[in-house]
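Heads up: the sequence lines are chains S and E, in that order.
Under numbering that gives the first Met the number 0, think of the first position of the first sequence as 0, with each following residue one higher.
Under numbering that gives the first Met the number 0, think of the first position of the second sequence as 0, with each following residue one higher.
Ideal Cβ positions, reconstructed from N, Cα and C, are used throughout, including at glycine.
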Amino acid sequence: MCLDLQALYQEIILDHNRHPSNFKKLDQANYVLEGYNPLCGDKIILYLSLHNNLIQDIGFQGEGCAIFTASASLMTEAVKGKTVEEARKIFKLFHDGMTTSKDNHIPFDKLSVLSNVKKFPMRVKCATLAWHVLKTMIDPVSDDLDK
Amino acid sequence: MEMKPNAIDLVRDDFPILKTSNRNRPLVYFDNAATTQIPSQVIKAMTDYYIYHNANIHRGVYELSERSTLLYEGVRKKVQNFIHAKSDKEIIFVRGTTEAINLVAHSFVRQQLKPGDEIIVSEMEHHSNIVPWQLLCQETGALLRVIPVTNIGELAIDEYEKLLNARTKFVAIMHVSNVLGTINPIKQMITLAHAHHATILIDGAQAIAHLSVNVQDLDADFYVFSGHKMYAPTGIGVLYGKKKCLSKMTPYQGGGDMIEKVSFYALPVFADFPAKFEAGTPNIAGVVGLGAAIDYLMQVDLSLLRAHENKLVDYALSRLINMSYVRLIGQSDTRISIISFVVDRVHAHDVASILDVNGICIRAGHHCAMPLMERFNVPATARVSFSFYNTFSEIDHFLLVLEQIRKMFLCV
Ligand SMILES: Cc1ncc(COP(=O)(O)O)c(C=O)c1O
Numbered sequence: 000m001c002l003d004l005q006a007l008y009q010e011i012i013l014d015h016n017r018h019p020s021n022f023k024k025l026d027q028a029n030y031v032l033e034g035y036n037p038l039c040g041d042k043i044i045l046y047l048s049l050h051n052n053l054i055q056d057i058g059f060q061g062e063g064c065a066i067f068t069a070s071a072s073l074m075t076e077a078v079k080g081k082t083v084e085e086a087r088k089i090f091k092l093f094h095d096g097m098t099t100s101k102d103n104h105i106p107f108d109k110l111s112v113l114s115n116v117k118k119f120p121m122r123v124k125c126a127t128l129a130w131h132v133l134k135t136m137i138d139p140v141s142d143d144l145d146k
Numbered sequence: 000m001e002m003k004p005n006a007i008d009l010v011r012d013d014f015p016i017l018k019t020s021n022r023n024r025p026l027v028y029f030d031n032a033a034t035t036q037i038p039s040q041v042i043k044a045m046t047d048y049y050i051y052h053n054a055n056i057h058r059g060v061y062e063l064s065e066r067s068t069l070l071y072e073g074v075r076k077k078v079q080n081f082i083h084a085k086s087d088k089e090i091i092f093v094r095g096t097t098e099a100i101n102l103v104a105h106s107f108v109r110q111q112l113k114p115g116d117e118i119i120v121s122e123m124e125h126h127s128n129i130v131p132w133q134l135l136c137q138e139t140g141a142l143l144r145v146i147p148v149t150n151i152g153e154l155a156i157d158e159y160e161k162l163l164n165a166r167t168k169f170v171a172i173m174h175v176s177n178v179l180g181t182i183n184p185i186k187q188m189i190t191l192a193h194a195h196h197a198t199i200l201i202d203g204a205q206a207i208a209h210l211s212v213n214v215q216d217l218d219a220d221f222y223v224f225s226g227h228k229m230y231a232p233t234g235i236g237v238l239y240g241k242k243k244c245l246s247k248m249t250p251y252q253g254g255g256d257m258i259e260k261v262s263f264y265a266l267p268v269f270a271d272f273p274a275k276f277e278a279g280t281p282n283i284a285g286v287v288g289l290g291a292a293i294d295y296l297m298q299v300d301l302s303l304l305r306a307h308e309n310k311l312v313d314y315a316l317s318r319l320i321n322m323s324y325v326r327l328i329g330q331s332d333t334r335i336s337i338i339s340f341v342v343d344r345v346h347a348h349d350v351a352s353i354l355d356v357n358g359i360c361i362r363a364g365h366h367c368a369m370p371l372m373e374r375f376n377v378p379a380t381a382r383v384s385f386s387f388y389n390t391f392s393e394i395d396h397f398l399l400v401l402e403q404i405r406k407m408f409l410c411v
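Given below as structure tokens:
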């Protein structure tokens, strides 16, 4: 396999695509939001069980490419059990890692594999879709979410 | 006749881009249905235009403008001959297929529609041959009726016959599907439309580079296509309309060149067609490029090259059919060199990305045909589309990468 390809489809991406974590409908979710990328047809429904400012559980369902599925899966792992503030911080690390032109990686554990997608600008939206849905759900404007 | 390998090499030499790369690999260009590459003859004609003949047309009294005008109007004749129209006045230059369809919708169909009238399209149409009609229906209260597509990707002609009735005002159908590759029986469909006194437009975007088109023999009322899918540049296309249709049409855009007389004390007097529908300074260099592309197609042995295209698609299909993890979307035998497929459990965008890093450019997505994706219950397909400059070894390379994809994603 050539280097670019290895970078884009690292084993961890392929694994998460085959067996995504938290790929489930959360019946007890108190927040549900859908996201859609009309360009490639990627679709996601994100479920949050959010209490006392804490992401107690998270799940997603959807349909899309490997980059999309793996990114959503890794995201759910990264923010599960975290407070809303922590999740926002993780989003920012991810977002900065994906948008800066420099080669720097996302300084967060497994998420760093996603920064390779930057070499494929047409695919960046696949990697960011789930994250933007999450961001909308935990944005400061919805701070009154849950008490 | 067996294709001599050097004939294809010679053709490839005409297309400078084929010697370049994609992601540091030799370029394999399999997205010809999206846009075709440009031969150096066309590039030279456009460069020469800018070096030697650039001037606005129909305006200057000086020689340079005369030359530019002659070049521009000369291409109208070339297009007329290329599609066998009766007169060069029936050739209108537009931006592309999309603009041509919108022009017909706005200037021909709109004025005729009453609430309850019907327009027929098909389930396999490109968005550009759906949305203008939806907009028109919304505005006038007319209804859009849709010819279904069969499981193998052909139009259900019996259903078409049932849809035609006294309220049918207009039919708009693609000659060749940009997703399925299917060649539709448009001659028969035109006859049927005329039997019901309906006018018909044929979207020839995918046909024009691959089939010989004779608008008089077809008896098409309108036939439209884009230059950039027939080895000409982007931003130029053709609306062919029968004289009797064009003469009924109201202006599309107002401006210079489409007008005979303008005064603040009288109604404007419009120029006759084709000028009536070519308001403003047109894409002159694009028209020159289109003319050069037609010259190019006349100069090569087109029947030999088209036979080569057919062999390429037959070969690719014969191999793909035997790959159990590949599902073909569209299996009509009456087809051109376009193949859509899905790979078991691998999204079309992953397929396209992996081919991309191997130098191979293919299209993945809904191909501006969302209703057709719905029909086949897929979110997206991967699509390869061949031109005469493609080769068997490129297809072998492509098939090899497909096999890699299977291994990567399915671990088998
Ligand atoms: C069948 C068909 N119709 C219409 C179009 C639109 O052509 P253009 O974008 O050149 O206007 C295309 C191009 O993708 C096409 O394949």
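Q: Check the C-beta distance from residue 146(E) over to residue 119(E) and give it rounded, since I have them as a contact under 8 Å.
A: 6 Å
**Q.** Residue closest to residue 70(E), alpha-carbon to alpha-carbon, out of 86(E), 44(E), 83(E)
**A.** 44(E)
**Q.** Host alpha helix (DSSP H) of residue 135(E) (start-end)
**A.** 130-139
(Q) I need the DSSP call for residue 23(E), collapsed to helix, strand or coil. (A) coil
Q. Going by Cα to Cα distance, which pick from 403(E), 227(E), 267(E), 314(E) is closest to residue 38(E)?
A. 227(E)
Q. Going along the chain, which residues put their C-beta within less than 5 Å of some heavy atom in ligand 1?
A. 95(E), 96(E), 97(E), 125(E), 127(E), 173(E), 177(E), 202(E), 204(E), 205(E), 225(E)
Q: Specify, as a first and last residue, the run of the alpha helix (DSSP H) that residue 31(S) falls within.
A: Unbroken run through residue 31(S) is the beta strand (DSSP E), 30-36; no alpha helix (DSSP H).
Q) Using a Cβ-Cβ distance under 8 Å, would residue 408(E) count as near chain S? A) yes
Q. For residue 18(E), is the classification buried or exposed, using 16 other Cβ atoms within 10 angstroms of its Cβ as the cut-off for buried?
A. exposed
Q) Helix or strand or just coil, what does DSSP make of residue 272(E)? A) coil
Q | Residue from 63(E), 35(E), 268(E) with nearest C-alpha to residue 254(E) | A | 268(E)
Q: Work out the CA separation of residue 54(S) and residue 22(S) for me, nearest whole Å.
A: 16 Å
Q: Mind listing the chain S neighbours of residue 378(E)? Cutoff is C-beta to C-beta under 7 Å, in chain order.
A: 40, 62
**Q.** Coarse secondary structure for residue 423(E), derived from DSSP in three states
**A.** A query on residue 423(E) cannot be resolved here, the shown segment of chain E reaching from 0 to 411 and no further.
Q: Could you confirm whether any beta carbon from chain S is found closer than 8 Å to the beta carbon of residue 130(E)?
A: no
(Q) Counting only Cβ pairs nearer than 9 Å, list the residues of chain S close to residue 125(E). (A) Here the premise fails: no neighbours, minimum Cβ distance about 16 Å.
Q. In terms of alpha-carbon separation, which member of 66(S), 49(S), 131(S) lies closest to residue 82(S)?
A. 49(S)
Q. For the candidate residues 346(E), 395(E), 370(E), 396(E), whose alpha-carbon lies nearest to that of residue 41(S)?
A. 346(E)
**Q.** Same chain, Cβ closer than 6 Å to residue 293(E), neighbours up to 5 away in sequence not counted
**A.** 77, 81
Q. Any idea which residues DSSP pairs residue 60(S) with across the strands?
A. 44(S)
Q.
Any beta carbon of chain E sitting closer than 8 Å to that of residue 4(S)?
A. yes
**Q.** CB of residue 207(E) within 8 Å of CB of residue 188(E), strictly
**A.** no
**Q.** C-beta neighbour in chain E for residue 7(S), strict 8 Å
**A.** yes
**Q.** Interfacial residues, the region 339-354 of chain E to chain S, with Cβ spacing under 7 Å
**A.** 346, 348, 349, 352, 353
Q.
With a threshold of 8 Å between beta carbons, is residue 93(S) in contact with chain E?
A. no
Q.
If we require 3 or more residues per run, which beta strand (DSSP E) segments fall completely within the region 360-388 of chain E?
A. 362-364, 380-384
**Q.** Three-state secondary structure (DSSP) of residue 75(S)
**A.** helix
Q. Just how far apart, CA to CA, sit residue 250(E) and residue 274(E)?
A. 10 Å
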